[in-house]
Structure formats: structure tokens, C-alpha cells
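4 protein chains.
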Amino acid sequence: LAVDHDVADPALATAGAGRIAWAAARMPVLRSIGQRFGEAKPFAGIRIGACLHVTPETAVLIATLAAGGAEVALCASNPLSTKDDVAASLVVDHEVATFARRGEGVAVYASHVQAVASREPHITIDDGCDLIERLHSSGPERLRSRVAAADLLGGTEDTTTGAAHLRAMAAAGVLTYPVVSLSEATTRAMADNRYGTGQSVLDGIVRATNTLLAGAKVVVAGYGNCGRGVAARARGMGASVIVTEANPLRALEAVLDGYEVMTMRAAAARGNVFVTATGNRDVITAADFAEMPDGAILANAGHFDVEIDVKALAELAGGRRRPVRPGVEEFTVGGRGLLLLCEGRLVNLAAADGNPAQVMDISFAVQALACEWLVRHRGELEPAVYGVPAEIDGQVASLKLATMGIEVDELSPGQLAYLKTFGG
Amino acid sequence: LAVDHDVADPALATAGAGRIAWAAARMPVLRSIGQRFGEAKPFAGIRIGACLHVTPETAVLIATLAAGGAEVALCASNPLSTKDDVAASLVVDHEVATFARRGEGVAVYASHVQAVASREPHITIDDGCDLIERLHSSGPERLRSRVAAADLLGGTEDTTTGAAHLRAMAAAGVLTYPVVSLSEATTRAMADNRYGTGQSVLDGIVRATNTLLAGAKVVVAGYGNCGRGVAARARGMGASVIVTEANPLRALEAVLDGYEVMTMRAAAARGNVFVTATGNRDVITAADFAEMPDGAILANAGHFDVEIDVKALAELAGGRRRPVRPGVEEFTVGGRGLLLLCEGRLVNLAAADGNPAQVMDISFAVQALACEWLVRHRGELEPAVYGVPAEIDGQVASLKLATMGIEVDELSPGQLAYLKTFGG
Amino acid sequence: LAVDHDVADPALATAGAGRIAWAAARMPVLRSIGQRFGEAKPFAGIRIGACLHVTPETAVLIATLAAGGAEVALCASNPLSTKDDVAASLVVDHEVATFARRGEGVAVYASHVQAVASREPHITIDDGCDLIERLHSSGPERLRSRVAAADLLGGTEDTTTGAAHLRAMAAAGVLTYPVVSLSEATTRAMADNRYGTGQSVLDGIVRATNTLLAGAKVVVAGYGNCGRGVAARARGMGASVIVTEANPLRALEAVLDGYEVMTMRAAAARGNVFVTATGNRDVITAADFAEMPDGAILANAGHFDVEIDVKALAELAGGRRRPVRPGVEEFTVGGRGLLLLCEGRLVNLAAADGNPAQVMDISFAVQALACEWLVRHRGELEPAVYGVPAEIDGQVASLKLATMGIEVDELSPGQLAYLKTFGG
Amino acid sequence: LAVDHDVADPALATAGAGRIAWAAARMPVLRSIGQRFGEAKPFAGIRIGACLHVTPETAVLIATLAAGGAEVALCASNPLSTKDDVAASLVVDHEVATFARRGEGVAVYASHVQAVASREPHITIDDGCDLIERLHSSGPERLRSRVAAADLLGGTEDTTTGAAHLRAMAAAGVLTYPVVSLSEATTRAMADNRYGTGQSVLDGIVRATNTLLAGAKVVVAGYGNCGRGVAARARGMGASVIVTEANPLRALEAVLDGYEVMTMRAAAARGNVFVTATGNRDVITAADFAEMPDGAILANAGHFDVEIDVKALAELAGGRRRPVRPGVEEFTVGGRGLLLLCEGRLVNLAAADGNPAQVMDISFAVQALACEWLVRHRGELEPAVYGVPAEIDGQVASLKLATMGIEVDELSPGQLAYLKTFGG
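For the protein sequence lines, the chains are A, B, C and D, in the order given. Just add 7 to wherever you are in the first sequence, counting from 1, and you've got this note's numbering. Just add 7 to wherever you are in the second sequence, counting from 1, and you've got this note's numbering. Just add 7 to wherever you are in the third sequence, counting from 1, and you've got this note's numbering. Just add 7 to wherever you are in the fourth sequence, counting from 1, and you've got this note's numbering.
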């Protein structure tokens with residue numbers, strides 16, 4: 008094999024190719040970007056290092072960048088999410104330097120990140136800062152001189168938590184190159200949090216419990232993007248939805264959207280299904296569990312497993328806890344059985360398939376265009392954390408509409424002039 | 008073991024008991040009926056023979072009847088749906104004479120039905136007429152004399168097709184005892200077709216394809232109970248829904264409910280997901296496949312696998328067909344890939360878990376009360392097919408509301424009198 | 008003027024013609040029936056006597072029948088609903104014998120009904136039985152001989168109450184000719200009760216009070232056709248909807264549709280807007296008023312003004328009642344102001360414009376086709392009350408779809424055969 | 008009468024008091040602010056000059072400020088919207104210096120603004136900048152010295168257009184004191200644009216035409232706050248909704264919300280009802296009118312009457328235009344009748360009652376708290392245009408929830424700390 012690599016079994020490539028083809032067929036936005044990249048070659052001579060979940064959708068992103076002329080190297084951002092067949096196909100069919108084995112230990116994981124870092128990428132792609140941190144740990148001075156020489160253009164970071172970390176680095180003056188934070192892109196927040204998560208959270212709950220949502224009381228904690236997605240879909244499935252919120256503005260919006268709003272304590276006694284989506288901790292606590300009816304289902308849709316106070320639940324139950332179905336554990340509290348899904352971890356990833364490929368299509372389209380933007384602005388950017396430029400959001404939305412065959416109006420010169428004068 | 012039986016492995020009883028307990032916890036209506044039966048013993052001295060899918064929910068029904076004093080014997084109505092652990096628990100924990108082994112051959116299957124028939128049940132419970140037919144095939148004369156002696160009270164039949172068959176038998180004068188046809192019960196049509204199927208069909212589609220419903224064009228063929236359930240839920244998930252119908256009354260209702268209505272030919276070119284729910288054959292045919300966009304998903308929600316013309320699809324594709332995911336086969340037609348789910352069979356059973364236990368709770372509550380009704384009307388009923396008495400529907404609805412903790416208004420004497428005079 | 012008549016002022020004809028033209032433009036189904044009638048002349052030689060509200064929509068119906076060759080005479084079914092300009096145009100422009108003056112007294116009203124009766128119609132059209140009763144009161148013997156001679160074909164009756172009265176007459180053996188009861192037609196119940204009333208009831212409430220429905224708690228009493236229309240629209244406007252019902256089947260359906268269901272007593276304390284749609288009396292009573300919050304709005308959507316116990320409300324308030332806006336009276340109960348709309352009469356008629364012309368189009372299309380059906384079955388029908396034949400419902404639905412430019416599928420011979428064998 | 012004033016007829020005060028009481032009863036947020044103001048007297052010694060529509064809701068605002076100790080003078084911001092009875096009651100019952108006569112001419116209008124300006128207010132309240140401009144026109148130097156002496160604290164402006172004008176003044180260095188722009192407040196945008204307008208636009212269309220929305224195709228141009236309100240409510244009334252947009256991000260959001268999205272040209276041929284809500288001009292133009300079906304309804308929900316190209320419509324129709332109902336003019340284009348509502352002006356104001364009092368309650372609560380904020384920040388603010396401080400939005404939302412009896416969760420110290428570390 009022509010490229011450097013470390014994957015479980017190159018013979019799995021055929022299986023991986025099939026899964027990548029399935030994903031590619033569902034990612035028309037990225038495909039259309041890839042087509043343009045293939046002609047314009049914006050990444051000619053550019054080395055990209057990526058540290059991402061090694062999945063079929065990621066493979067489509069990597070292939071898109073490679074089509075644009077990039078020389079890409081990939082390692083896993085999480086040892087458990089690697090699909091070995093996809094890794095194999097990347098090596099065999101796409102000749103991408105790939106370093107990822109499902110279930111790899113800490114040392115191997117670190118060596119894989121190092122393998123990518125040592126290729127001295129012009130652009131880094133991260134999902135949790137591991138690659139950026141590795142580069143910085145090996146000496147900021149060298150990085151600064153590479154940046155000065157326009158040999159290191161910048162990076163992208165996928166997670167909110169990672170972006171917060173990078174901002175702290177920037178504030179402390181130790182960030183050496185510009186990074187685009189992707190998680191705040193409008194298209195992405197929309198597709199991912201509101202529509203993707205709204206569907207997949209309910210999907211996870213139904214798969215785990217096969218409960219009927221019609222006529223159920225579903226309590227949604229938090230009315231941010233994710234919570235309102237879950238609330239809208241639960242109502243759409245025939246549930247009667249209660250929203251809890253600490254932010255009065257969001258609470259009022261939920262009221263005006265026709266939901267019942269109350270405290271979690273009050274909702275606890277009335278709900279059949281509870282979904283937390285606040286981004287905060289201790290949203291459902293001991294005093295709430297004590298109120299819940301027999302058979303209540305507890306699911307978390309927030310990033311971290313801190314929203315449902317599982318420790319308090321376990322203490323209330325004492326020894327009276329037992330697994331009852333895959334992903335479902337019953338805790339007996341005051342004679343009533345409460346069903347905790349997936350130990351309080353993200354229910355849409357743990358009990359369902361995570362985001363549909365159509366959603367990843369939008370996220371990764373933002374990713375691809377952000378890389379192109381870094382190339383275009385080579386040498387112009389300070390070492391800081393940048394939001395996604397509005398033009399990229401608009402471009403992704405336009406491409407998505409085009410791939411759906413949807414045409415929208417164009418503003419006439421007269422309308423543009425009018426907006427300039429009177430526009431909101 | 009005290010009872011006659013033929014099950015795969017009695018040692019599986021513990022596992023089965025767990026699953027039965029899970030189901031029982033989700034079937035409060037049947038539980039409350041069981042409680043009353045346990046006190047009133049309406050089936051004291053009554054032998055019941057049942058031929059049903061051997062599932063946890065069925066076990067709860069059987070236990071409910073047994074609690075009422077019945078001596079129940081059970082065989083499988085389908086060799087493939089038997090859960091061996093449930094069968095084991097029925098024998099070991101409930102001492103129910105059970106004859107069912109998953110995957111049993113035709114001869115064993117027949118011997119199991121015979122085993123139940125030979126116990127000379129006072130009441131038969133059927134899901135496809137197998138037990139009724141077996142009894143009739145062994146000599147109607149004996150049956151008639153048992154009926155005359157009030158030793159054979161009647162039966163129930165679960166399927167629409169079975170009821171049609173029994174009506175033909177009644178018309179031909181060969182039906183020897185009264186049978187209650189359960190499938191037309193209002194509560195059941197409501198819970199099962201509209202709400203249960205609406206949810207589980209979408210669940211099946213999402214599990215098989217992980218497609219995003221928000222923004223998709225979903226075409227629902229048929230606007231009966233099942234179709235309107237699917238349409239409502241698809242809209243609730245953010246899809247833009249098109250309905251096709253041959254019946255102008257239903258088509259108009261769909262229009263007034265805010266759906267787009269058009270012919271399947273017109274819809275074919277616009278849909279991303281197609282769901283058939285008409286109860287008819289050839290609903291999507293060759294000329295329609297030819298119009299569909301790349302990636303279109305084809306799913307059937309009707310009882311039989313005749314709604315999507317799979318043969319025509321295969322012919323159009325020639326050899327260009329291949330499995331792409333579990334339960335998903337891609338047919339290439341005119342360069343576009345069409346995705347057929349589960350070979351055109353019922354997608355909610357084939358790709359998801361079928362109806363939630365809460366739905367089975369209502370179906371089996373009707374079942375239990377119909378058996379009680381047969382006992383109450385011992386000796387009064389002609390050998391004919393009866394609909395479910397309205398009082399049973401009302402009783403099931405009341406119990407369901409009560410188990411949800413919902414109180415409804417009661418009519419005062421003045422209101423009852425008013426309705427008698429002016430009422431609709 | 009060529010025809011016999013008694014109207015307020017023939018000079019109003021021009022204004023009336025304008026309003027009739029507006030209505031006709033919104034009644035395409037009736038227009039298409041009129042076109043066919045104009046060619047086929049099904050009423051050639053037929054005299055039709057009609058006793059209906061004299062409105063623009065009625066004029067379109069009358070013109071449709073006249074186009075079919077009928078000689079029509081019209082009187083008012085209610086002295087208060089007569090539009091004098093419409094009556095004038097019917098006389099002047101359509102040469103229809105019209106007897107109606109807005110606000111006419113009892114004696115004039117009776118003489119007008121008599122004027123129509125004395126023309127010995129072949130077919131009677133009623134909205135409350137006045138014309139039928141008048142004919143019967145002048146001697147059933149003559150009617151019977153006219154029926155025997157096929158000189159009197161039958162009648163139609165529009166109201167449910169009228170149909171109940173006629174059924175009592177038939178049971179007592181005094182009904183002399185066949186009457187079609189229109190109110191149960193499926194198309195009509197759908198368009199009128201569910202969709203028409205759903206919209207117009209909310210319209211009436213908003214016009215009377217200009218209250219914001221988004222975020223309001225709307226309590227809907229009754230989940231029949233009308234109640235579920237109101238509930239669906241209230242939810243559609245952003246309200247959080249509570250349903251009260253005495254019928255457990257309907258209550259359960261409301262639950263499964265995602266509404267909260269409880270007793271009126273429980274709902275009273277929580278609602279901001281109350282709408283009664285039960286067809287029963289005393290739905291909201293003294294004990295309920297005592298629970299209601301300040302500013303609660305009370306509206307009735309049922310046919311009679313008996314659903315809200317206005318007398319009890321007045322007693323609770325003592326003298327503390329006063330009009331606060333047109334159609335709104337405030338009753339102070341326990342220091343809280345309750346707002347009764349339109350004295351508890353039908354709020355969509357009293358505070359809004361009643362049903363849209365598109366809804367009347369469907370109702371009157373059924374009316375016109377029922378008259379044609381009476382002609383076709385001349386001499387074949389017993390003196391009894393008939394429901395609307397299913398073929399008429401289907402025909403109206405088909406015409407409505409056609410006028411909307413909507414095409415639906417047609418069943419192939421193979422599909423028809425399949426349905427005959429397996430069909431539900 | 009104790010105060011200086013110029014109103015039409017003080018004898019109308021009783022009627023005005025009744026209307027003010029009705030409004031006050033529907034404005035609980037403002038009432039609760041008034042209660043606090045009554046105790047804390049934040050405006051003791053403060054003169055407030057207001058130039059607003061003289062309506063019952065405005066009177067409640069004025070009374071609220073007066074309760075806080077302010078000495079308020081009021082003139083009309085539009086001669087046509089003045090309610091003379093309300094003006095009378097303000098003078099007689101509230102002793103507010105009021106200068107407003109319905110239909111007053113330009114000179115009187117100007118003298119009224121001058122009357123308020125000459126009282127040298129500490130705070131100005133504007134709805135279109137008239138008062139601010141008057142003050143500035145009489146010499147910025149004096150204003151600057153008053154500001155320097157903390158004798159002139161600042162102002163508020165209600166309209167978007169006004170705020171744009173003030174920003175231009177600030178940029179040109181001629182704005183002499185700080186002004187809070189109210190129109191961007193989140194609570195207000197929510198209550199007013201999305202929920203208030205959503206309801207009142209449909210209300211206006213139904214009042215003007217009595218058309219049935221169920222089953223209609225409603226085309227909504229623009230998917231901003233206002234457009235999405237209209238779209239959601241139209242769908243809620245059973246319409247099939249098409250959205251047109253020029254902004255791809257918003258277009259994509261509409262798609263993901265389940266609406267059909269297309270160009271206006273494509274939508275023109277399919278719609279029954281058209282609503283413009285873009286804030287731009289020429290949204291529906293000649294080429295679109297040419298496509299529309301007979302009976303199409305054209306309504307504008309945008310602030311200015313430029314969205315529907317009425318001139319082009321008139322030219323297409325030539326002389327073939329005529330009023331057909333109050334507020335409805337029919338233009339005949341190519342043999343088809345198009346119905347323009349209210350000459351293309353804001354349909355919810357022109358054909359309905361504008362925003363519900365509950366919506367004005369929120370807008371004016373922001374107004375009252377912004378005045379208090381100016382007092383609190385006396386001497387601290389630059390002469391610039393300020394957005395509404397987030398704390399005011401939160402406070403209004405909290406008060407609104409409290410007046411609805413809704414409690415929300417409070418964050419614990421642990422949760423606040425968590426958010427500080429990880430929070431979005």
C-alpha cells in the first residue's frame with residue numbers, strides 16, 4: 008500500500024467502501040462541493056491533518072478535501088467510534104494516511120495523533136482539540152515560525168467545549184494560529200441541534216423502550232435549540248408536552264408556542280417521559296425522583312451525563328436497581344419503578360444511530376468550506392478563535408436547497424437598494 | 008412440571024418471567040381487569056383454548072384469564088413469532104398448558120393446535136382461525152351438541168381476514184358457534200391503527216435508513232385509519248406530506264387537514280419517502296418507479312406485501328439490485344437508486360418492534376372482556392360473527408383513562424334526559 | 008314584475024346582485040352542478056318550494072335549481088336572517104317568486120310560508136320543517152293523493168332537530184311523503200362542523216375580545232366533530248388546549264391526540280377561554296364559574312344557548328354585570344370578572360360571519376343533488392326519513408376536488424377485484 | 008380642569024374610562040409594574056413627554072408612569088389613531104396634560120407636539136421621532152446644556168425606522184441625548200411580530216373575506232419573525248403553506264420546518280391566499296399576478312404598502328377593478344378576479360383590531376422599564392442609540408410568567424458555577 012497507515016485490517020476495505028458509498032449518496036452538499044474542489048483544486052500543495060471520528064461520513068469529508076488537492080492524514084478522535092472497515096477503505100481505496108484502530112489503547116491513540124502531527128499539516132481539523140494540543144505541546148516557537156512563513160494556515164474545531172478551551176488559550180496568549188469554531192454555524196445549529204437531535208432523541212427513547220408517545224406526558228427540560236427540537240417532535244408524535252426552563256425569556260417563548268411550562272418539581276409528578284436538554288447539571292434531582300409515577304422514563308439529550316442526578320437516583324433506590332432491557336435500568340424508588348436510559352448518557356447516540364447523514368452533510372460542508380476559507384485568508388488572520396463566516400453559512404444553505412431542487416427568489420437591484428435604506 | 012406442555016426449554020423460564028413482568032408493567036388496563044377477575048372469578052370452571060403469537064403481551068393476557076379462574080391452554084398462531092423463554096415461563100411459573108416452539112415445522116405446529124383442540128375448550132381464542140378450523144374439521148355435529156349443551160360457548164377472532172372467512176362460513180351455514188370479531192373494536196382501531204401504527208411505521212423507516220424526516224417529502228398512499236396516523240406523525244416530524252387516495256371523501260378530508268393531495272403518478276416525481284397504507288394491491292407500480300428521484304425510500308404499512316409492485320421494480324432494475332443495509336435493498340432504475348424496505352412487507356413489524364405494549368394492552372383488554380361477555384351470554388347467542396359490543400369499547404376506554412389518572416365528566420340525570428330529547 | 012312576490016324593496020336588487028355574484032364566485036361546486044343542470048334540465052316541469060335563510064348563498068342554490076328547469080318559490084325560514092337586497096335580486100334578476108322581508112312579524116311570516124305552500128310544490132326544501140308542517144296541517148289526505156299521483160315527490164330537511172321531529176312523525180304514521188335529512192351527510196359534517204365551525208368559532212371569539220390565543224389555556228367541552236375542530240384550530244393558534252368529555256371513547260381519543268383531558272370542574276380553575284360544543288345542557292355550571300380566573304372568556308359553539316348556565320352565572324353575579332364591548336358582558340363573581348360572549352348563543356354566528364361560502368357550497372351541493380335524487384326516484388320511495396345516499400356524498404367530494412384542480416387516483420379493475428375479496 | 012390640555016370633548020371621559028379599564032384588565036404586566044412604581048416612585052420629580060398613538064393601551068402606560076411619580080404630557084403620534092374618549096379620560100380622570108384631537112390638521116398636530124416639547128421633559132417617549140426632532144430643531148445647544156445638567160436624561164423610540172433615523176443622527180454627531188430603541192427587544196419581537204401578528208394577520212384576512220383557510224394554499228412571502236408567525240398560524244388553521252424567501256438560511260429553515268419553499272413566480276400559480284411579510288418592496292409583481300388563479304386573495308403584513316406592486320396590478324387590470332366588500336377590491340386580470348385587501352396596507356391593522364392588549368402589555372412594559380433605566384443611569388450615558396438592556400427583557404418575561412401564574416426553575420449556586428465553566 009502506497010501510504011503510511013495503521014489500521015486493523017486492510018482486507019475490510021470492500022465492506023467499508025460500501026458504507027462510504029451509502030453515506031456519500033446521502034451527502035449531496037458535500038458531493039457538490041467536492042465536484043467544485045475537483046475542478047478548482049483549492050488545496051493543491053496543502054497538507055491537512057484531521058483528528059475526527061472515523062465513520063463513513065468522515066470518509067466522505069476526507070475524500071472531498073482530497074479531491075480538492077489536499078494531502079490528508081487522519082487519526083481517530085475517539086478510539087471507540089472508529090469503524091475499522093471505513094479506515095481500511097480510506098487507506099486502500101483513497102490512499103489517505105489513516106491511523107485508527109477500534110478500541111485502541113491510550114498509548115496507541117497518542118501515537119496515532121502524533122503520526123498525524125508529525126506530517127506538519129498546513130491545516131488542522133479537530134473534534135476535541137487533541138491534534139491542536141499535540142502540536143502546541145511540541146513547542147509553540149516552531150509553530151509560530153511556521154505561521155509566520157505561511158506554512159501553517161490555521162485549524163478548525165468541532166465542539167463547543169473545545170472552542171471554550173481554545174478561547175482560554177487565546178486569552179492566555181498561548182494559541183499560536185487561527186482556529187475556526189464550527190459549532191456555532193447557523194446552518195449547523197439548525198440542522199444538528201434542532202432537527203437532527205429532535206428526531207434522534209425520540210428515536211433513541213422509542214428503540215430502548217418501545218413506548219407509545221401518543222397520549223404520553225413528555226417533560227422537556229430546557230428550551231434551547233435542542234430542547235425545542237425535542238419538544239416539537241414529541242408534540243408531533245401526539246404527546247402532551249411540558250417544558251421546564253430557568254431562563255424566563257425561553258420559558259415565555261415555550262408558553263407562547265403552546266406548551267405547558269412549570270418547575271421540574273411540579274412536572275415530576277405528571278410526566279411519563281423526561282428528557283433533559285439544558286447543558287447544565289442536576290436538572291432532575293432526588294426531590295424530583297420522589298414525585299415521579301411508576302414507569303417514568305428518564306433520558307438525557309445533553310452533551311454530558313450530568314443532567315440527571317444518577318448518583319442520587321441510585322442512593323434513593325438502594326440496591327433495588329436492575330437492567331430490564333438493553334440500555335434500560337430500572338430503579339425502584341418508593342415502590343415505583345423509574346427507567347433510566349443509557350446511564351444518563353446522550354440517548355440519541357447511545358440508543359439510536361446519532362445524526363442522520365443529511366445532518367452530517369451540512370456539518371461537514373461547513374467544515375470543508377472553513378478549510379477553504381483558511382486557505383483564501385492565508386497570512387491574514389490573527390491567532391484567535393473565529394466564528395464561521397456568514398458567507399459560508401449562506402453558501403451551505405444555498406447548496407442544500409439546490410440539492411433538494413428548491414429554487415428561491417433573488418433580490419432585484421431595486422430591492423437591494425430598498426433594503427439598504429429601510430432594511431431591518 | 009404439573010401441566011401438559013411442549014416447549015423448547017423450561018430452563019428459559021426466568022428470562023421469560025422478566026420479559027412478561029416488563030410487559031405487565033406496561034399493560035395497566037389488563038392488570039386492572041385481572042384484579043377484578045381475580046375477585047369475581049368469571050371463568051370458574053371454564054376451559055379456554057388460545058392460538059396466539061406467544062409473546063410477553065400474550066402471556067399477560069393468558070395470566071389475566073387464568074386469574075379469572077379459567078383453565079387455559081395455548082398454542083402458537085405463527086411458528087416464527089414464538090418467544091421460547093415466554094413459553095417456558097408460562098409452563099413453569101403460570102402452569103399454563105403451552106405448546107409452542109420457535110421455528111417448529113408444519114407437523115409439529117398442527118399437533119400443537121390439535122393438543123389445544125383436544126382439551127375441548129368452552130371458549131376459543133384465535134388469531135387467524137386455525138383453532139376454530141381444527142375444531143370444525145373434526146366434525147361439526149359434536150360441536151353442535153356441545154353448543155346445545157352449553158359446553159361450548161363461543162370464540163374470538165383477532166384478524167380482519169379471519170373474520171371475513173368466518174362470515175363466509177356463517178353464510179354457508181357451517182359455522183357452529185358464535186364468534187366475536189375483535190378487529191373492528193373502536194378502541195382497538197384507534198390505538199392500533201391510528202396511533203400505534205403511525206408511530207411504529209416511522210420508527211421502522213428511521214431505524215432502517217436513519218433518514219432525516221424534517222424537510223423530507225413523505226408520500227402517504229391511503230387516508231384510512233392507518234394512513235392518517237402515518238401522515239400526522241410524518242408532519243409532526245417536520246416532513247412535508249403528500250397524500251394519495253382513490254376515495255374522494257377521504258381525499259377531501261386530507262385536503263381539509265392541510266395535506267397536498269394528488270395522484271401517485273404526480274407524487275412519484277416529488278417524494279423522498281413513500282409509505283403505502285391502502286389495503287389494496289399495486290399502489291405503486293412500474294410507471295411510478297420510473298418517476299422517482301434518486302434515493303427514494305419505499306415502505307409498506309399495509310397488512311400484505313402487495314401494495315408496492317416489487318416484481319415490477321425488480322424487472323425495471325434487471326440485475327441492478329443489491330442489499331445496502333439490513334432491511335434495505337437498492338434497485339437501480341434509470342440510473343437512480345430506489346431503496347425498498349423489508350421486501351415490501353409491513354415495515355413496522357419487519358424493521359421495528361411492532362406495536363408498543365400500551366397498544367397491545369388495549370387490544371387484549373378487548374379480548375379479555377369479549378371472553379367474559381361470551382360467558383355472560385352463555386346459551387343466548389346464535390352461531391354467527393358478532394362485532395365487539397359498544398359497552399366493551401366504552402369499558403376499555405374508561406379503564407385506560409383511569410389507569411392514566413384521568414377523570415372525565417359524568418352526565419347528570421338532567422343531561423341524560425336532555426340528550427334523549429334533542430340528542431345527536 | 009313578472010312573478011308573484013313580497014319583498015321589502017325591489018330597488019335593492021342591484022346591491023343584492025353584487026352580493027350574490029360574490030357568493031357564486033366562492034361556490035364552484037354548486038356552479039358546476041348548475042352547469043350540468045342547465046344542460047340536462049332534471050327539474051323540467053318541477054315546482055320546488057323552499058323555506059330557507061334568504062342569504063346570498065341561498066340565492067345561488069335557488070339559481071342552480073332554476074337553471075335545472077325548476078320553478079322555485081322561496082320564503083324565509085327565519086325573519087331575522089333575511090337580506091332584503093338578496094330577496095329583491097331574486098325577484099328582479101332571477102324571476103323567483105320570493106316572499107321575505109327582514110324583521111317581518113309572525114303573521115306575515117306565516118302568510119309567506121302559506122304563499123309557498125299554496126303553489127303545490129313537487130319538492131319541499133326546509134330548514135326547520137315549517138313548510139312541511141304547513142303542508143301537513145292543511146290535510147294529509149290531499150298530500151297522500153298527490154304522492155300517489157307522483158305529483159308530490161318528497162322533501163329535504165336541513166337541521167338535526169327537524170330530522171328528529173320528522174322521524175317522530177314517521178313513527179306516528181303521519182308523515183305523508185319521503186324526506187331526505189341532510190345534516191348527516193359526511194361531506195357536510197366534515198366541511199361544516201369540523202372545518203367551518205373550527206375556524207369561525209375562534210374568529211368570533213377573537214373579534215369579540217381581541218384576545219391573544221397563543222399561550223392561552225383554551226378549554227373545549229365536547230370532542231365531537233365540532234369540538235375537535237375547535238380544539239385543532241385553537242392548538243394551531245398556539246393555545247394549550249384542555250378537552251372535557253363525558254364519553255370515555257372520545258375522551259381517550261382526545262388524550263391520544265395529545266390534549267389534556269379532565270373534568271370541567273378541574274379545567275375551570277385553569278382555563279382562560281372556555282368553548283362549549285357538546286350538544287348538551289348545563290355543561291358549565293355555578294360550581295365551575297366559582298373556580299374561574301379573572302378575565303375568563305365564556306363562549307358557546309353548540310346549536311342551542313343551553314350549554315353555559317347563564318341563569319346561574321347571573322345569580323352568582325347578582326347585579327354585578329355590565330356590557331363591556333359589543334357582544335361581551337362581564338359578570339363579577341367573587342371579585343373576578345367573567346366575560347360571557349353573545350349571551351351564550353352560537354358565537355360563530357353571533358360574533359362572526361358564520362360559515363364561509365366554501366362551506367355553504369358543499370352543504371348546498373348536497374341539497375341540490377338530493378333534490379335531483381328525489382326526482383330520479385319518483386314514485387319509488389316510502390314516506391320516511393332518508394339519510395343522504397353515499398353516492399351524493401362521493402359526488403360532492405369529487406366535484407369539490409375537481410374545482411380545486413386536484414386529481415386523485417382511480418382504481419384499476421385488478422384493484423377493484425382485490426378489494427372485493429380482501430377489502431375492509 | 009386642573010391640567011393644561013387640548014382634547015375634543017372632556018365629556019367623553021366616562022366612555023374613555025371604560026375602555027381604559029378594559030385594556031388595563033388585559034395588561035397585568037404593566038399593572039404589576041405600576042404597583043411597584045406606586046411604592047418606589049422612581050419618577051418622583053421627573054417630567055415625561057410622550058408622543059404616542061392615543062389609545063386605551065397607551066393610557067394604561069401613561070397611568071403607570073404617573074403612578075411612579077412622573078408628571079406626564081402626551082400628544083398624538085398620528086392624528087388618525089386618536090381615540091377622543093381616551094384623551095378626555097386622561098385629562099379628566101388622570102389629570103394628564105393631553106393634546107390630541109382625532110383628525111386634527113397638520114398645524115394643530117405640530118402645535119400639540121410643541122405643547123409637549125415646551126414642558127421641557129426629562130424623558131421623551133416617541134413613536135416616529137416627532138418629539139425628539141422638535142426638541143432638536145429648537146436648538147441642540149440648549150439640549151446639550153440640559154443633558155450636561157442632568158436635566159434631560161434621555162428618550163425612547165418605538166419604531167425600527169425611527170431608530171435608523173436616530174442612528175444616522177448619532178453618526179452625524181447631531182444627536183444630543185441617549186435614546187433607547189425599543190423595537191429590537193426580544194420579548195417584544197416575540198410577542199409582537201411572531202405571535203401577535205401571526206394571529207391578527209389571519210384575523211384580518213378572514214374578517215375581510217370570510218374565506219375558509221382549511222384546505223387553502225397560503226403563500227407566505229418572507230420567513231422572518233412575522234412571516235414565520237403567519238406561516239405557523241396558517242398551518243394551524245388547516246392551510247397548506249408555501250414559503251418564499253430570498254435568504255437561503257431562512258429558506259432552509261422553512262424547508263426543515265416542513266413547508267414547501269419555491270420562488271414567488273412558481274407559487275403564484277398555486278396559491279389561494281398570498282401574504283407578504285418581507286420588509287422589502289415589489290415582492291409580488293406583474294409577472295406573478297399573471298399566474299394567479301381566479302379568486303386569489305392578496306394581503307400585506309409588512310409595515311409599508313410597497314410589498315404588493317399595486318400599481319402594476321392596476322395597470323394589468325386597466326379599468327376592470329371594483330370594490331366588492333369592505334376592504335376588498337377586485338382586479339380582473341386575464342379574466343381572473345384577484346382580490347386586493349386594504350389597498351395593500353397592513354392587513355391586521357386595516358381589517359382587524361391590530362395587536363391584542365396582551366401584546367401591547369409586553370411592548371409597553373418594555374417602554375416603562377426603559378424609562379426607569381434612563382433614570383437609574385442618569386448622567387452615565389453617551390448621546391447614542393441603545394438597544395434594550397437584556398435585564399429588561401428578562402424582567403418583562405418574568406413578570407409576564409408571574410401574571411400567568413407560571414413558576415419556572417431557579418438555578419442553584421452549583422448550576423450557576425457549572426454554567427460559568429462549561430456553559431454555552
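For each residue, glycine too, the CB sits at the ideal point set by N, CA and C.
- Here the alpha carbon of Gly135(D) sits roughly 54 Å from the alpha carbon of Phe296(A).
- For Thr194(B), the nearest beta carbon of chain C is closer than 8 Å to its own beta carbon.
- Contacts with chain D (Cβ-Cβ distance below 7 Å) from the stretch 240-258 of chain B involve Arg242, Gly245, Ala246 and Ser247, listed in chain order.
- In this structure, the beta-carbon distance from Leu323(D) to Ala274(D) does not fall below 8 Å.
- Interface annotation for the stretch 203-228 of chain D against chain B: Ala221 and Gly222, criterion Cβ-Cβ distance under 7 Å.
- Look at Tyr184(C) here: in three-state DSSP terms it is coil, with no helix or strand label.
- With a contact defined as Cβ atoms closer than 8 Å, Gly236(B) and Glu252(B) miss out at about 15 Å.
- With respect to the C-alpha of Gly401(C), the residue from Arg195(C), Val103(C) and Val225(C) having the closest C-alpha is Arg195(C).
- A buried status is given to Gln374(B), since no fewer than 16 other beta-carbon atoms sit within 10 Å of its beta-carbon.
- Contact between Trp29(C) and Arg343(D) does not hold, since their C-beta atoms are separated by about 15 Å, which reaches or exceeds 8 Å.
- Take Gly112(A), set aside five residues on each side of it, and the residues of its chain with a beta-carbon closer than 8 Å to its own are Pro86, in chain order.
- Under a 10 Å Cβ-count criterion, Ser125(D) is classified as exposed, with fewer than 16 other Cβ atoms of the shown protein chains found around its own Cβ.
- Of the candidates Ser39(C), Asp137(C), Val354(C) and Gly41(C), Asp137(C) places its Cα closest to the Cα of His60(C).
- At a cut-off of 8 Å between C-beta atoms, Gln42(A) does not count as an interface residue with respect to chain B.
- Within chain A, the residues placing a beta-carbon under 9 Å from that of Gly421(D) are Arg288 and Asp289, ordered along the chain.
- For chain C, the residues of the stretch 380-408 of chain B that bring a beta carbon within less than 7 Å of one of its beta carbons are Asp400, Gly401, Ala404, Ser405, Lys407 and Leu408, in chain order.
- Contact between the stretch 172-185 of chain D and the stretch 401-413 of chain D is absent: fewer than 3 CB-CB pairs across the two stretches fall below 8 Å.
- Taken through DSSP and simplified to helix, strand or coil, Ile413(A) comes out as coil.
- Bridge partners of Leu348(B) according to DSSP: Val335(B).
- In this structure, the beta-carbon distance from Pro63(B) to Arg38(B) does not fall below 8 Å.
- The three-state secondary structure of Phe281(B), taken from DSSP, is strand.
- When the beta-carbon positions are compared, Leu348(D) and Ala308(D) stay at least 8 Å from each other.
- With a contact defined as Cβ atoms closer than 8 Å, Ala306(B) and Val282(B) qualify at about 5 Å.
- According to the DSSP assignment, Arg257(A) belongs to the alpha helix (DSSP H) that extends over Pro255 to Leu263.
- Contact between Arg327(C) and Phe311(C) is ruled out by a C-beta separation of about 26 Å, above the 8 Å threshold.
- For Asp16(A), the three-state secondary structure derived from DSSP is coil.
- Out of Gly41(C), Gly23(C) and Asp210(C), the CA that lies nearest to the CA of Asp360(C) is found in Asp210(C).
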